[in-house]
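Structure first, then comments.
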Amino acid sequence: MMRIEPRQPSRVVNVAVPVLAALVSLLLAAIPLALAGADVLAAFRLMWSGVFGSPFAFTETLTRATPLILTGLAAALAFRAKLWNIGGEGQLYLGALAAVALGSGAISAPPAVMIPLVLLAGAAAGAAGMAVPAFLKVRFGADEVVTTLLLNFVILLFVQMMLEGPLQDPMGMGWPQSAPVIEKATLPQLMDRMRVHAGLLIGLGLAVLFHILLTRTTWGMKMRAVGENAPAARHAGIPVTRTLMGAALISGGLAGLAGVGEVAGLKGYLTADLSPGYGYAGIVVAMLARLSPLGTVASALFIAAVFVGADSMSRAIGVSSYLADLVVAIALLCVLIGGFVSRYRIVRVRTGEAP
Amino acid sequence: MTDRQSPVVLRLAGLTKRFGSVLANDAVELDLRRGEILALLGENGAGKTTLMNMLFGHYLPDAGHVEIIGPDGRLAPLPAGHPEAALRAGIGMVHQHFTLAYNLSALDNIVLGAEPLLAWRRDRQAARAKIDAIMARSGLTVALDAPVSQLSVGERQRVEILKALYREARILVLDEPTAVLTPQEADSLFETVGRMAADGLSVIFISHKLREVLAFSHRIEVLRHGRNVGGMATADADETRIARLMVGAETATDPRPPMAPGAPVLELRGVSVAGPDARRSLTGATLEVRAHEIVGIAGVSGNGQSALAALLSGLAEPESGEMRLADAPVARFTPAAFVAAGVGRIPEDRHHEGVVPDMSVAENLVIEALGDPEVSRLGFLRRGAIRARTAEACAEFDVRGPGPYAPVRLLSGGNMQKLILARVFGRAPRLILANQPTRGLDLGAAHAVARRLLEARARGAGVVLISEDLDEILSLADRIVVMHDGGMREAASRDRAAIGLMMAGQAAA
Amino acid sequence: MMEILDILANPNFWSASIRIATPLIFGVLGALLCERAGVLNLGIEGIFVAGAMAGWMAVWLGLGLWGGIAVAALTGAGFGLIHAILTVPLGLSQHVSGLGVTLLATSLSYFTYRTALPDVSTPPRIVPFRALDIPLLSDIPFLGPALFQQTALSWLALAAVALVWWVLARTPLGLAIRAVGDNPDAVDAQGLSVYGLRIGAVMAGSALMAIGGSFLTMAAFDAFFFGMVNGRGWICIALVIFASWRPWKALAGALLFGAFDAFQVRLQTEYGNAVPGQIFLMAPYILSIIALVVAARRADYPRALLTPWFKGQR
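Chains as they are written, first to last, in my numbering: chain X, 1 to 355; chain V, 1001 to 1509; chain P, 2001 to 2314.
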């Protein structure tokens, strides 16, 4: 017979759990690899070299990690307040849409004005995208999980509509894509001939900023209190609704910034397949980081490496790159179980001896 | 009455249970005879509930076992850790917190689990006939078809007992059955139980109220710190003797020195607050609490106490009437404004409203004071100052636990309550709302709460003490106000029976 | 106006409504069963995908249509078991676990499909369920083609509604499921297994969801495409709240939704030139959100939904 007992949190366990979860998810990837008939060791070697094999490969991982840090932060902050923002994907597209709406020639100014403007516009659009479900939650009690999930589809259709309508590139030969972001609004590259851009620095800066805000300020404490026990927070005089709305706007804004980075830092224009699910992957990033802003950076790098490595392996030996999604999903479930292990311990209970 | 010749139907032999470092039950022995009403007496935290949870299979004993009479009339061991085995053996348990599904009718709750799970349909007719017969025999009547959510607390308790009788329980365990009843309801419950015992049912009833134990049981077994400390026939018992057994050497309560009340700190004039229904609202309440005064709010829970508590906590705004704090009308009904106005609030449900269990002791201590200059500067927490303040408060209020940065969920109930006391009294409040402040606490912690309330009174604070425990109110309050159906009336005397009648909504006292 | 009447007068509109509603009926029923037992199952979107893929794959491998349904149901139950183990005995976040199951089921389905069929440009087809002709009824003018020319799966969906209703309302098992979603302690005190009931309900509910998914590849279409579920699972989660956790209301909600969707498709062909097509495509999602907002105020959630329960801790 087993019994579950709470255990004291420990820093070691807090770090060990996600690391183990990541490792286990990679190891478990051997099963589908073997079933797909691949040489498992060779596949892992290919994944490794796909990530660390060359400076370019590694900067690719950094490039992939950039939006993941931001969507990961978006999910982590919302989840801290127990606001289930699953709409990162849609908010990312809204951010990207705002960036091309302003940055593709609608207005022009020196980069020192233009870049902050585009960033702000993207953040505002993402925030607006999360404001709707947050409002529906606090005003009508509509479950934000479902509304944010459904809004992802609405927003993607809206983006397609814009790309076939007002925002379509007149020079694009009828393709549903936006006009390119002008030079002055483009985020600078960090390294010559590499795709990694200033969005990475923004992500890193924001991770540090939110780490400080969460742990060192009254704002962070209020947000954690609301998330962990809203009735007690309300009883203690913390304005719960306002705190939730604040968390919602920040979360949406961060996801919006991820979209800005993708169009203004990487792709240069907007298409409806801008994101291969960065918004959803952000949830895994956040969970793997155990909702810590600094941890988000590490887990975003891991997820990005999985994607880059699997892509490269897939090109070499033809195993489907959906393997990466599989690893990500398993990592999420592993870290969830790990959370249990770090919070409780299972104690073997002796049964009363038979008379 | 039972006699010594009635067979033993249940024997607990050396039951031992340890939770972490706490020995909740230490080799407890107990015999129960047919037709006997055995009172299991002990203070909060004495291990009564743990013992019964082992009997019923909710907990596994670390040592010892349960024997129960079989169909052959001989005692046989009961497998540990299987509620269904306990049920089959004829043990019925009425928990202190009812285990009812509120979305189901009384009938469905009674029948739940009694039929083979995979039958293709339920035989409600047969079930109804059987329940009707039980109701007629025992005198326990309830409306069978209404959802349990619509029943009163007393009716829900009857449903719980009917559940046990429907399962043909021969042994009935009642865990603190009168905690939620008026004295009159309690009397009628014991009358019924007495009749059923005469009919051959064996009853264990758990209580910490001496009065009812002496009035209704046949035999008394006292537990203290998880051990048997004495058993006797009720006929041989008297109040002082069992009180001494229960609490050990300590004497019961601190004396309440007489004190002249000062200026009003709280005035309610015809205040109404909406609740989930009329019964649980506050209707036209008038109340005055002065400095150096503890006003006890007596009443059966669910008669508007939560609306009153919400009002005094700043969580609810009155629909009509006037509320004044320290002679100034209240303008903003928010918890923050009330804290600022010098109201200290000890909430009823510690885990739900009192603390954020996953945040640290230090954070929970300052959570009401985030704007104070000692706690934060420019929005940044002053961690050194908070650490010092926490160390000081934990020492002063004797909060014990794994340290100031450990999450509060790891604290015991008593230490959690002391932490809340530290938070409230650290701000020297002028008005204190203490809502069920000692519920579920062990004796030591309960004493600490009472002492703090009396100290605050001496210092000049006014206290509103809401409690279901009439004894607590009688020992602490200067004045007593009774709540019934959302209304408040002051008790003219401190007479238990008169207050009981007021709690039941009858006759002015 | 005339166009709208034309749409309503066309039996094809009504039969399309039922066709669109069928997978949703299974999905809503499945989610309802899980939630009645106290477990939110956000794995639904992925379980739809897995059911669609596994059922189709089984048929393609030669197991026959009903074999495909069985495989889909088993696949769904398997993913349900994962969700149930994580959320019931381990008591982990139902939100996160459900999303994890969705990611897992989706990626595993895609990976398996890609691995089994690496180099196909056009997806291979199977012979799907055909509409059944019911003697006499199918020949009634208008009503026949409108209501009585459906595949066996639509009839199965109807039967599933009746079955779930009967089980919940009329059997001891259903009573226990309703009780465990309201107060697990009540079930435990009566000697029933909280874990057993919840795990069973989640597995059965997930099997229903997967059958709903398999309708897409085995009746609505005849092949498996990436992204073909497209939020249907999330719509079901909204519809459960709209249906206030009652099977017949769930049927009504799904049919209403199907009718609306069929209607917007027809409006799109009518007005497609004047209004961007995406507006019509957004309609089902927006409708679901509106339904959720309308229902949320009076939603009577199962009391124990989302709350983990541990044995021996009360």
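The beta carbon of each residue, even a glycine, is placed where N, CA and C say it ideally should be.
Neighbourhood of residue i by C-beta, 6 angstroms cutoff - its chain only, sequence neighbours within 5 removed
i       : result
X:V335  : P18, A21, M287, L288
V:A1127 : V1111
V:E1468 : S1301
V:E1155 : V1142
P:R2266 : I2007
Distance, residue j Cα to residue i Cα
i       : j       : result
V:Q1506 : V:G1299 : 12 angstroms
V:I1420 : V:R1034 : 46 angstroms
P:I2177 : P:V2194 : 9 angstroms
V:I1091 : V:R1332 : 53 angstroms
V:T1240 : V:G1314 : 43 angstroms
V:P1407 : X:P6    : 11 angstroms
X:V341  : P:P2308 : 16 angstroms
V:L996  : P:V2187 : No answer is possible for residue 996 of chain V: the residues shown for chain V start at 1001 and end at 1509.
P:P2302 : V:M1259 : 51 angstroms
X:L119  : P:V2294 : 35 angstroms
X:F58   : X:P276  : 19 angstroms
P:R2036 : P:G2213 : 21 angstroms
P:S2121 : X:G172  : 27 angstroms
V:T1251 : V:M1503 : Legend: pLDDT at V:T1251 = 47, less than 50; position of this residue unreliable, no value from coordinates given.
V:A1215 : V:G1444 : 27 angstroms
V:T1286 : V:E1267 : 7 angstroms
Distance CB(residue i)-CB(residue j) smaller than 7 angstroms
i       : j       : result
V:I1367 : V:A1434 : no
P:G2078 : P:G2068 : no
V:E1293 : V:P1329 : no
X:L68   : X:A281  : yes
X:Y278  : X:L92   : yes
P:L2292 : X:V132  : no
V:Q1436 : V:E1363 : no
P:G2258 : P:I2020 : yes
P:G2030 : P:T2102 : no
V:E1246 : V:R1350 : Strictly speaking, residue 1246 of chain V in this sequence is Met, with Glu absent from that position. Result no, Cβ atoms of V:M1246 and V:R1350 do not sit closer than 7 angstroms.
X:N152  : X:G87   : yes
V:G1226 : V:D1372 : no
X:G237  : V:V1339 : yes
X:G121  : X:L136  : First, the residue type needs correcting, since residue 121 of chain X is Ala and not Gly in the sequence shown. Result no, Cβ atoms of X:A121 and X:L136 do not sit closer than 7 angstroms.
X:V319  : X:A38   : yes
X:L70   : X:L254  : yes
V:T1016 : V:A1085 : no
P:Q2094 : P:L2306 : yes
P:R2198 : P:V2096 : no
Beta-carbon proximity list for residue i, same chain, < 8 angstroms, skipping 5 on both sides
i       : result
V:L1075 : V1008, R1011, E1067, I1068, I1069
V:R1290 : P1261, G1262, A1263, P1264, V1265, G1462
Residue-level contact to chain A via CB, residue i, 7 angstroms cutoff
i       : result
V:V1356 : In the displayed structure, chain A is absent; the protein chains listed are X, V and P.
Other residues of its chain near residue i: CB distance less than 7 angstroms, five sequence neighbours each side excluded
i       : result
P:F2129 : L2065, T2151, A2152, L2153, M2218, A2219
P:W2014 : A2146, L2147
P:A2016 : A2262
V:Q1305 : I1297, G1299, I1466, M1483
Meets three-Cβ-pair contact criterion under 8 angstroms: the stretch 33-48 of chain X and the stretch 254-262 of chain X: no
Those runs of the beta strand (DSSP E) which lie wholly inside the stretch 1071-1100 of chain V and span at least 3 residues: 1075-1078, 1091-1094
Segments assigned alpha helix (DSSP H), at least 4 residues, entirely inside the stretch 1435-1508 of chain V: 1443-1459, 1470-1476, 1496-1503
Ordered list of beta strand (DSSP E) runs contained in the stretch 63-100 of chain X, each at least 3 residues: none
Segment contact flag, the stretch 180-194 of chain X with the stretch 214-221 of chain X, C-beta cutoff 8 angstroms, min 3 pairs: no
Contact between the stretch 1091-1104 of chain V and the stretch 1159-1177 of chain V (3+ Cβ pairs under 8 angstroms): yes
Touch test, the stretch 227-244 of chain X against the stretch 71-82 of chain X, Cβ-Cβ under 8 angstroms, three pairs minimum: yes
Ranges of the beta strand (DSSP E) found wholly within the stretch 1244-1301 of chain V, counting only runs of at least 3: 1264-1273, 1282-1290, 1293-1298
Stretch-stretch touch, CB-based, cutoff 8 angstroms, three pairs: the stretch 1170-1179 of chain V with the stretch 1143-1153 of chain V: no
Runs of beta strand (DSSP E) lying entirely within the stretch 187-265 of chain X, each at least 3 residues, in chain order: none
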